[in-house]
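> Quick note, the numbering used here runs 1 ahead of the 1-based positions in the sequence shown.
Heads up, the beta-carbon is just placed ideally off N, CA and C, and yes, glycines get one too.
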Amino acid sequence: MTTPTLRTLASGPGPEDLDLIEWKGRTALLAATYSRARFPKEPHPKPRVGALEIHLPGEDRFKPAPMAALPLEHFAPVGLSVVRNSQAPGLEGKQLAYVTNAYPGQGLLAKGGSVEVFEVDDEAGLVKHLGTLGMRHEECDGRSELLHKINGITASRDGTVYATTFGTFPSRSGETLLIEPTSPAGQKRTINSIVCFTPNKDDATKGSWGVVASGINGANGLALSPGQTLLYCNAYHGQQILAFERNEQPGGGLKKYHGVVYRGLPFRPDNLKCPPNGELWCTGQRSPVPTFLHLLSGARLPSRGGVAKLHWDAGQLKLRHDAEWLKDLDGDTHAPSVALPLGDAFYLGHIMHSGVTEVRLHPKKQAPVHAASPPAVTMNAPANPAKPQSEQAAR
Numbered sequence: 002m003t004t005p006t007l008r009t010l011a012s013g014p015g016p017e018d019l020d021l022i023e024w025k026g027r028t029a030l031l032a033a034t035y036s037r038a039r040f041p042k043e044p045h046p047k048p049r050v051g052a053l054e055i056h057l058p059g060e061d062r063f064k065p066a067p068m069a070a071l072p073l074e075h076f077a078p079v080g081l082s083v084v085r086n087s088q089a090p091g092l093e094g095k096q097l098a099y100v101t102n103a104y105p106g107q108g109l110l111a112k113g114g115s116v117e118v119f120e121v122d123d124e125a126g127l128v129k130h131l132g133t134l135g136m137r138h139e140e141c142d143g144r145s146e147l148l149h150k151i152n153g154i155t156a157s158r159d160g161t162v163y164a165t166t167f168g169t170f171p172s173r174s175g176e177t178l179l180i181e182p183t184s185p186a187g188q189k190r191t192i193n194s195i196v197c198f199t200p201n202k203d204d205a206t207k208g209s210w211g212v213v214a215s216g217i218n219g220a221n222g223l224a225l226s227p228g229q230t231l232l233y234c235n236a237y238h239g240q241q242i243l244a245f246e247r248n249e250q251p252g253g254g255l256k257k258y259h260g261v262v263y264r265g266l267p268f269r270p271d272n273l274k275c276p277p278n279g280e281l282w283c284t285g286q287r288s289p290v291p292t293f294l295h296l297l298s299g300a301r302l303p304s305r306g307g308v309a310k311l312h313w314d315a316g317q318l319k320l321r322h323d324a325e326w327l328k329d330l331d332g333d334t335h336a337p338s339v340a341l342p343l344g345d346a347f348y349l350g351h352i353m354h355s356g357v358t359e360v361r362l363h364p365k366k367q368a369p370v371h372a373a374s375p376p377a378v379t380m381n382a383p384a385n386p387a388k389p390q391s392e393q394a395a396r
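Put into C-alpha cells, the structure is as follows:
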C-alpha cells in the first residue's frame, strides 16, 4: 500500500485555516495566517498583524492576497469561512470571506474578539475589507465580549454566521444546551459555546450576536452541511463531533440538538470542513500539550495529528467513517489544524508551522495506511427523530 506524497508549500506563519475560493477563473485555496511567536523575527516583525494568502494549484507557494486597501492594524486571523455566492442582504452574488479575529486591539488581555468580512472579487483580482460584523458607531474596534476566545467559524448563504469560543480546559458540565440568542443567557459571555450572528434585513454587516449553544467540551471547528440545514461542531476535549439542526428562517437560534454523532476520534479535532460533495474533513492534534505550550510560550515541540473523512447518514442520524490518515502523517509534526481537499490532493494547515502541506493521494491507492472501524455512537436524540431537510442542495 502506497503512502501519500507530502510536499510543503511556502506560506506565511501558522495558516490555521483554509477554504476554497474562485480566483482568476479557477478554484484556489485561501489561507488565514499570522504569527504567534513571542519573539518574532523578520519578515513577520508584528506577531498580531496577519494576512490572507492565495494559492493556485500547480504553484509552489501561497501569495499575499491583493488588498484594495491597507490591512487591518490589529489582525490575528484564526478561523476562515468562504461563501461563494452570497444571498445576504446587500451582498447578493458576492464571494465573501468571514474571518475570526482573535485580537482586534488592546492586547492579549482584551476580553473580546471580532469577525471581519471581506469581498473576494475574482474579476477585479482584489480582496476588499467590507467591515466588522455587528460593529456599532460607539464601538471603536468592533470587539464583542460574546466573542472572547473566538476560534472556529462557518457562514451561511443568508448571512447568518456561527463562531465558537474555545476553552483551554475540558468542560466539567458535559451537557450541551440550546439557548435562545435574544434571551439574557444568550447575551452572557461564556466559553465553550456557539455564538450566532443574525444580520439585519437590509445590511448583512450589521446585526446582533447571541449565544445559541453552550456546554460543549472544547467548542472548536464548525461546518454547515451542503444543504445548510445542519451545523456540525467539534468537541476538542471530548474527541467528538456534534450536530445541530438549524431553524428554517434566516438567522436566529438552533432548532434541535442531535447529540454526539461521532465519538472516539484518534486526535483532538480542531477545524472541520464540508466541501460541496458533502464529505466532512476533520483534523486535529493527537496531544494537546505541545500545542498549548506553543500558544503560551511560542515553543515549537513535535505535535503529530491526523485527518479523518466522514459522511453524514441522515437515515441513521450519525456520521459514517470513510477514511483516516494518521500514521501517514507522522512526518508532519507541526500541529495540523485543518485539511481541505482539492483535486487529487488535500492540504494541511498548521498552528506552529510556516507552510501548508500538500498530501497527494495516488489515484489507485487511496486507502489509508491506518483505517479504523467506526466507533459506537451515542445519540442524545429521540428514538424516532424527524429527519432533517434534504442535504442534496448545492453549497
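#1: Can you tell which of CYS197, ALA340 and GLU54 has the C-alpha that lies nearest to the C-alpha of LEU148?
#2: For ARG173, count neighbouring C-beta atoms within 10 Å of its own C-beta (all shown protein chains included) and say buried if the count is 16 or more, exposed if not.
#3: Starting from VAL360, trace the beta strand (DSSP E) both ways and give me its first and last residue.
#4: Less than 8 Å between the beta carbons of VAL118 and THR34, yes or no?
#5: Taking GLU23 as part of the beta strand (DSSP E), name the residues at either end of that continuous run.
#6: Round the Cβ separation of VAL100 and ILE151 to the nearest angstrom and send it over; I've been treating them as touching at under 8 Å.
#7: Would you mind sorting THR28 into buried or exposed? The rule is 16 or more other CB atoms within 10 Å of its CB.
#8: Tell me the DSSP secondary structure of GLY113 in three-state form.
#9: What runs of the beta strand (DSSP E), each 3 residues or longer, lie entirely inside the segment 165-239?
#10: Would you identify the three-state DSSP class for PHE293, choosing helix, strand or coil?
#11: Between which two residues does the beta strand (DSSP E) containing ILE154 stretch?
#12: LEU273 by DSSP, collapsed to three states: which one?
#13: Can you check which of these residues, ILE180, GLY15 and GLY153, is closest to GLY168 by C-alpha distance?
#14: Between GLY91, ALA52 and LEU127, which has its C-alpha nearest GLU23's C-alpha?
#15: Which residues mark the beginning and the end of the beta strand (DSSP E) in which SER338 is found?
#16: Pick from GLN229, PRO65 and LEU281: whose alpha carbon is nearest that of ASP347?
#17: Can you grab the Cα-Cα spacing for the pair GLY279 / GLY344, in whole Å?
#18: Would you say HIS130 reaches chain B, if we count a Cβ-Cβ gap shorter than 8 Å as a contact?
#19: Mind checking who THR6 pairs with in its DSSP beta bridge?
#20: Taking C-alpha atoms, which residue in ALA52, ARG247, THR284 and SER194 lies nearest to LEU341?
#21: Starting from ASN248, trace the beta strand (DSSP E) in both directions and tell me its first and last residue.
#22: Can you give me the Cβ contacts of SER355 inside the same chain, cut-off strictly under 6 Å, excluding the 5 residues immediately before and after it?
#23: Can you give me the Cβ contacts of GLY91 inside the same chain, cut-off strictly under 8 Å, excluding the 5 residues immediately before and after it?
#24: Take LEU21 and list the residues in its own chain whose beta-carbon comes closer than 8 Å to its own, dropping the five residues that flank it on each side.
#25: Cutting at 7 Å between CB atoms, please list the residues of its own chain near PRO46, excluding the five before and the five after it.
#26: Nearest by alpha-carbon distance to THR155: which of ALA125, LYS64 and ASN235 is it?
#27: Which same chain residues, not among the five before or five after LEU1, have their C-beta less than 6 Å away from its C-beta?
#28: Would GLN250 and ARG158 qualify as a contact pair, given that the criterion is a beta-carbon distance under 8 Å?
#29: Tell me which residue opens and which closes the beta strand (DSSP E) that ALA104 is part of.
#30: Starting from ARG301, follow its DSSP beta bridges and name the residues at the other end.
#31: Taking the DSSP output, what are the residues bridged to ARG27?
In short, the structure shows the following:
#1: Numbered from 1 along the sequence shown, position 147 holds the residue referred to as residue 148. Among CYS197, ALA340 and GLU54, the Cα nearest to that of LEU148 is on CYS197.
#2: The residue given as residue 173 occupies position 172 in the sequence shown. Result: exposed.
#3: For the purposes of this step, residue 360 is taken as residue 359 along the sequence shown, with counting starting at 1. First-last of the beta strand (DSSP E) with VAL360: 355-361.
#4: For this step, residue 118 is matched to residue 117 along the sequence shown. For this step, residue 34 is matched to residue 33 along the sequence shown. Cβ atoms of VAL118 and THR34: not closer than 8 Å.
#5: Position 22 of the sequence shown, counted from the first residue, corresponds to residue 23. It spans 16-24 - the beta strand (DSSP E) in which GLU23 sits, taken as one unbroken run.
#6: On the sequence shown, position 99 is the one that residue 100 refers to. On the sequence shown, position 150 is the one that residue 151 refers to. At roughly 10 Å, the Cβ-Cβ gap does not stay under 8 Å, so VAL100 and ILE151 are not in contact.
#7: Taking the sequence shown and counting its residues from 1, the one referred to as residue 28 is at position 27. Its Cβ having fewer than 16 others within 10 Å, THR28 is exposed.
#8: Here residue 113 corresponds to residue number 112 of the sequence shown, with the count starting at 1. Coil at GLY113, not helix or strand.
#9: 194-200, 208-215, 220-225 and 231-236
#10: Taking the sequence shown and counting its residues from 1, one reaches residue 293 at position 292. Helix, per DSSP.
#11: For the purposes of this step, residue 154 is taken as residue 153 along the sequence shown, with counting starting at 1. 151-156 is the span of the beta strand (DSSP E), which, as asked, contains ILE154.
#12: Looking up residue 273 in the sequence shown gives position 272. Three-state DSSP puts LEU273 in a strand.
#13: On the sequence shown, residue 168 is found 167 positions in, with the first residue counted as 1. Considering only alpha carbons, the answer is GLY153.
#14: What you label residue 23 is simply residue 22 of the sequence shown in a count that begins at 1. Among GLY91, ALA52 and LEU127, the Cα nearest to that of GLU23 is on LEU127.
#15: Within the sequence shown, residue 338 is the residue found at index 337, counting from 1. Element bounds for SER338: 337-343.
#16: Here residue 347 corresponds to residue number 346 of the sequence shown, with the count starting at 1. Before going on, a small fix: residue 347 reads as Phe here, not Asp. Among GLN229, PRO65 and LEU281, the Cα nearest to that of PHE347 is on LEU281.
#17: The sequence position of residue 279 within the sequence shown is 278, counting from 1. The sequence position of residue 344 within the sequence shown is 343, counting from 1. Roughly 15 Å separates the two Cα atoms.
#18: Looking at the structure shown, chain B is missing, and only one protein chain is on hand.
#19: Translated into the one-based positions of the sequence shown, residue 6 becomes position 5. According to DSSP, THR6 bridges with ARG361.
#20: Translated into positions along the sequence shown, residue 341 becomes position 340. When only C-alpha atoms are compared, the closest one is THR284.
#21: Residue 248 sits at position 247 when you count from the first residue of the sequence shown. No beta strand (DSSP E) holds ASN248; DSSP gives it neither H nor E.
#22: For the purposes of this step, residue 355 is identified with residue 354 of the sequence shown, where counting begins at 1. Answer for SER355: PRO14, listed in chain order.
#23: One-based indexing of the sequence shown puts residue 91 at position 90. So the qualifying residues of the chain are ASP203, ASP204, ALA205 and THR206.
#24: In the sequence shown, residue 21 corresponds to position 20, counting from 1. Excluding residues within five positions, the ones whose Cβ falls inside 8 Å are THR28, ALA29, LEU30, LEU31, VAL83, ARG85, PRO276, LEU341 and LEU343.
#25: Within the sequence shown, residue 46 is the residue found at index 45, counting from 1. Unreliable placement is indicated for PRO46, whose pLDDT of 46 sits below 50; the coordinate value is still reported in the next sentence. Taken in chain order, the list of residues that qualify is empty.
#26: Translated into positions along the sequence shown, residue 155 becomes position 154. It is ASN235.
#27: Not covered by the structure: residue 1. The range shown for the chain is 2 to 396.
#28: What you label residue 250 is simply residue 249 of the sequence shown in a count that begins at 1. What you label residue 158 is simply residue 157 of the sequence shown in a count that begins at 1. No, they are not a contact pair.
#29: For the purposes of this step, residue 104 is taken as residue 103 along the sequence shown, with counting starting at 1. The sequence as given places Tyr at residue 104; Ala does not occur at that position. DSSP places TYR104 outside any beta strand (DSSP E), giving it a letter other than H or E.
#30: As a working mapping, residue 301 is identified with position 300 in the sequence shown. DSSP, once it has assigned bridges, lists no residue as partnering ARG301.
#31: Mapped onto the sequence shown, residue 27 falls at position 26. Bridge partners of ARG27 according to DSSP: TRP24.
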